[in-house]
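Visitor:
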Amino acid sequence: MTQTIPARPDTRFVAGMAAVDKVNVAGLESQLRRHVSGEVRFDTATLAMYANDASNFRQVPIGVVVPKTLDDVVETVRACHTYHAPVLCRGGGTSLSGETVNVAVVIDFSKYLTDILDIDAQRRLATVQTGVINEQLNRATGEYGLVFGPDPSSHSRCTLGGNIGNNSCGVHSIQSHLYGPGPRTSDNTHELDVVTYDGARFTVGVNEEDDLDSIIAAGGRKGEIYAALRDLRDEYAEDIRKGYPDVDELPRRVSGYNLDELLPEKGFNVARALVGTESTCAVALTATVMLTPAMVHRTLVVIQYDSIGEAGDAVPDLMAWKPIGLEAVDSLLVHNQELTGANASGRAALPRLKSDGAWVFMQFGSDEPGESLRRAEEFVGWLRKKKDYDDDRIVLARSKQDGGNSDELWSIREAGLGSTAFPADSGDHWPGWEDSAVPPNRVGDYLRDLQQLYADHDLRGAMYGHLGEGCIHSRISFDLRHKDGLATYRHFMEAAGDLVASYGGSMSGEHGDGQQRAELLGKQYGPRLMEAMRKFKLIWDPEWKMNPGKVIDPYRFDENLKLGTDYNPPRPKVKFAYEVDGGDFAHAALRCVGVGKCRVPDAQMTMCPSYQVTREEKHSTRGRARLLFEMLRGEVITDGWQSAEVADALDLCLACKGCTSDCPVEVDIPTYKAEFLYHHFRSLRRWRPRYAYAFGFIDQAARLASAIPELANFATQTPVLSRIAKAVGGIDRRRPLPTFAPMTLQQWFSGRPVVNASGPRVVLFPDTFNNRLHTDVGVACVEAIEAAGWRVIMPTGHICCGRPLYDYGFLDVAERYLRDVLSQLRDEIRAGTPIVGMEPSCLAVFKDELPKLLPHDDDADRLVRNSYHFAEFLTKFDVELPTMSGTQALLWGHCHQRATGGVDADQQVLEKMGVDVQSVSGGCCGLAGSWGFEQGKYDISMDCGEQALLPAIRKNPGALVVANGFSCQTQISDAGVATPLHLAQVMAGVPPGRPEPSTRVRAARVGIPVAAMALAGAGASWALASALRRR
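Residue numbering for the sequence shown follows our numbering, beginning at 20 and increasing consecutively.
1) Quick test of your reading: residue 981 and residue 910, contact by CB under 8 Å. State the CB separation rounded to the nearest angstrom.
2) For residue 790, count neighbouring C-beta atoms within 10 Å of its own C-beta (all shown protein chains included) and say buried if the count is 16 or more, exposed if not.
3) State the Cα-Cα distance for the pair residue 58 and residue 518, rounded to the nearest angstrom.
4) Please confirm if the stretch 995-1015 is in contact with the stretch 702-720, defined as three or more CB-CB distances below 8 Å between the two stretches.
5) Could you tell me whether any Cβ in chain B is nearer than 8 Å to the Cβ of residue 433?
6) Hey, could you find the ends of the alpha helix (DSSP H) residue 625 is sitting in?
7) Tell me whether residue 828 sits in a helix, a strand or coil according to DSSP, three-state version.
8) Excluding the 5 residues preceding and the 5 following residue 870 in the sequence, name in chain order all residues of the same chain whose CB lies nearer than 6 Å to its CB.
9) When DSSP labels each residue in this structure, what does residue 568 get in the three-state scheme?
10) Are residue 514 and residue 478 close, meaning C-beta to C-beta below 8 Å?
11) Closest to residue 598 by CA distance: which of 787, 560 and 875 is it?
12) State the Cα-Cα distance for the pair residue 802 and residue 1007, rounded to the nearest angstrom.
13) If you pair each beta-carbon of the stretch 662-673 with each one of the stretch 794-812, do three or more pairs fall below 8 Å?
14) What are the residues that DSSP puts in a beta bridge with residue 22?
15) Would you say residue 497 and residue 449 are within 8 Å of each other, going by their C-beta atoms?
16) Considering only residues of the same chain and omitting the five flanking positions on each side of residue 725, which have a CB-CB separation below 7 Å?
17) Curious, which full-length alpha helix (DSSP H) runs of at least 4 residues does the stretch 629-700 contain?
18) Could you check how far apart the C-beta atoms of residue 205 and residue 111 are, in whole angstroms? I think they sit under 8 Å.
19) Could you spell out where the alpha helix (DSSP H) holding residue 804 opens and where it closes?
20) Can you name, in chain order, every residue of its own chain whose Cβ lies under 7 Å from the Cβ of residue 778, other than the five neighbours on each side?
21) Only counting runs of 4 or more residues, tell me where the alpha helix (DSSP H) segments fall wholly within the stretch 202-280, in order along the chain.
22) DSSP three-state label for residue 759, please.
23) In chain order, which alpha helix (DSSP H) runs of at least 4 residues are fully inside the stretch 919-1004?
24) Who are the near neighbours of residue 386 in its chain, counting only those whose CB is closer than 8 Å to its CB and skipping five residues on each side?
25) When burial is assigned at 16 or more other CB atoms within 10 Å of the CB, is residue 706 buried or exposed?
26) Three-state secondary structure (DSSP) at residue 1025?
27) If you measure between the beta carbons of residue 455 and residue 524, is that distance less than 8 Å?
28) Considering only DSSP beta bridges, list what residue 71 is partnered with.
29) I need the straight-line Cα distance from residue 420 to residue 623, nearest angstrom please.
30) Please work out which residues of its chain come closer than 7 Å, Cβ to Cβ, to residue 675, disregarding the five sequence neighbours upstream and downstream, and give them in chain order.
31) Using 8 Å for Cβ pairs, my map puts residue 199 next to residue 178. What's the rounded Cβ distance?
32) Is it true that the stretch 539-553 meets the stretch 98-118, where meeting means three or more beta-carbon pairs spaced less than 8 Å apart?
33) For residue 131, which of 307, 1003 and 152 has the nearest alpha-carbon?
34) Report the residue ranges of all alpha helix (DSSP H) runs contained in full by the stretch 429-467; include only those spanning at least 4 residues, in chain order.
35) Reducing DSSP to helix, strand and coil, say where residue 812 ends up.
36) In this structure, how does DSSP classify residue 315 when only helix, strand and coil are distinguished?
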């Protein structure tokens, strides 16, 4: 198979990607599979996912290689050279400028090439493979009191290779500027092991001026390149000196190539000259980087200003205090967070919260405890006495480790991109001019001029960023779908380029040029230096195959758009409302902005447990969202709702709802999964697996089993019969099956007298699990609420929220279940009676799925408002609690509870009771309702639990484990690490057992079916004998 790809017409002349070339893809793939031990992927799902990054651009790659070794990378590049295929290196895929998408073979370093090879604390150096994550490197070097200074906001998932490609900086680039080697990744790079497009591998370093002659004399590809670089440097030296401001004048000069690093007075730093080339020159295999004192004791000062321009004017005075971070956010960004309720505690702590201006976040750091606080207090005193700042303009906050709340305030700044992407009151906002930089002492004037430029083009966008280094972030309300909108986009970008150039600034201050700003580089550097950069690339890549069309002779910034004038996906009729997306499933699929928070490999939050275990892009929130977007686009994935690629990616989604609260733009994969499966299985081409029926209708199966629990338990607990039951139900044979209770909670409750007849009413929802399996939990919940004087009401008939139905796409049935709930509870709902859930996942249906399926039903809305998780009810109504002392507990919150209210209430209840409680969070227990029961998922289910929950329990063997969710309790018990209790059981002191019916009832319940079966057997035997006699 041969593929036609874009190409540069003639590398001798200035030209874009106007020509075409042909690549023998079949031959290329075959050679890669023969020589690469890693993963070689040319399937449509992979192509679809890697066609996107966090930018405005989309380009479908030729194929993707996920190398396991550095030799794999070399072999991949050599194979591409043999077949004349372009090459693109990719780390976390979080780039905002289009540099990590191209019609090329993409090499993804992030899965396997993550080793930290050496840390030399004495020399303050670390050597790593370039797939290592920024934060993981700093965690390792932090043990020596050192960090790699540049820390982009994506530091928890971006790779060092990506930092090298973009010349990244981050919040604490000021720290590395003032207390370390310098602000940019280039300033912190010591050595690179590289491979060129023709397959040559060698090391480049810094301060090689004195060795230049001997390196050139040694010959080889390295000597040839160094000789050409020396000649280039000598030819353009004066132009470089004039056109490249010093880093102290313009700390964030990131755009273009770092030709100044070749100057003799700089030392001929080839490694640093390659940093920021965005995969357009060579491939970095390993890197030795320089480290900065960690200064882990930190104190934050937040200052209010009447405008962000005024805040910018203050930068020179503020920087004189040598902070380690100096950030700013404007009031529009805070307003956007108010619309969604994000970071409420942090926003509440802002000084003069109702201001229409801006806030500066100034962070002090020190290696010694107390020093940063002392410095911050001196600074606050100076603001008050010398600058006449009013007290209410200033807030001083200590770090969390020092007992303060600075993390809550920082969260406002860190949520900048997510909260400005889809503001509820002003439409979609996009990157484009999101990281321009100017000299810090001119940033105030620049901000005012930039705001005027927005107004001139009728554009809107919150402003925030690295004020102390003159770098401003902003997502802008560009219209990227219509011809006139794209004309405005182009006019604005060109005018903004002129503006930043007039300030002596940089088109990019940390995100790189890629395709987004490369077209504007001539405004910053002029034709002579652009010619020098073109020659620099040709020295490294004479065939112009390294990430072509990016940085030098680039694609235009209004082509290869993810949207554009031809964007018109189908808008299929859907079951859910998608209110935040205007009812448009296509917009929901577009919601992922690609910043990859779901790719954090450690279980720091719930999202995304399947990625935490597999490290697979398609098993991340982002990967799944990209596949749904491509499904609707219909170019790479062409089978629509019947797509096997999408179904495969969604199969390992635990529907934990982590993304609904952890994703910065609220991508809701569990809802999208339910929607997709609903349509997917409506086709006769697609059939649900057996377990979909076994678990989707678990309420009905449990209802039948509860009629004869003794026989049901005999069938599920006897080894041979249990294996048959599991095989029939599609259940993994290693997963134990739960036992059914001797009597249901409803039966127990209806057979006892009314308690607190005149007390306030509360409905306790009898979910399937606590009604028919864990009835001891149900009893404890009833008694705990009654002990506080409330009258518990419990429905008497069969009732179910339908939670498992969503996991298999039974949405019509799920809707009927919800309408039945509303029918049975209507009087209590309209009376405002609290509805309390014992099982978090069932109660979460009322808070989450119900309003999405029945958005215009008033009773549904009333139920949403009156629904409470168990502990939420206790705290909301100030229910009297028992006391206990001397008890230590680990609190594990069900994922659905974390997403629909959180577990703070549970912690408050336990603490109020006198329990010494430690909250455990991160990832999912791994059972996720029925998911961990499904055949083939046992191992990954247990691996999910091993990310955070199970290790935490093992580290605290004497602690009580509090877990309210049935699936969480089951997973913990199956793992054999503890016997978990529901909060109500803890409140009981001595947990009640499962209630049992009388001996007569149990005997009759077993005897009658056994007698009936015996009679039927006897009848069959008699009939058979009679038939034989007649013969």
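Yeah, the Cβ is synthetic: ideal placement off N, Cα and C, and Gly gets one too. These figures come from a predicted structure and were not determined experimentally.
Guide: From the atom records:
1) 5 Å
2) buried
3) 46 Å
4) no
5) Chain labels in this structure do not include chain B; a single protein chain is all it has.
6) Looking at the DSSP string, residue 625 is not in any alpha helix (DSSP H), and its letter there is neither H nor E.
7) coil
8) 883
9) coil
10) no
11) 875
12) 8 Å
13) no
14) 42
15) yes
16) 759, 763 and 791
17) 640-652, 663-670, 677-681 and 688-699
18) Contact doesn't hold; Cβ gap of about 19 Å is too wide.
19) 794-806
20) 808, 809 and 810
21) 231-236 and 239-262
22) coil
23) 923-932, 957-964, 968-974 and 985-994
24) 164, 312, 313, 314, 315 and 316
25) exposed
26) helix
27) yes
28) 77
29) 17 Å
30) 625, 628, 914, 943 and 947
31) Contact flag wrong, Cβ pair sits at about 20 Å.
32) no
33) 152
34) 435-440
35) strand
36) coil
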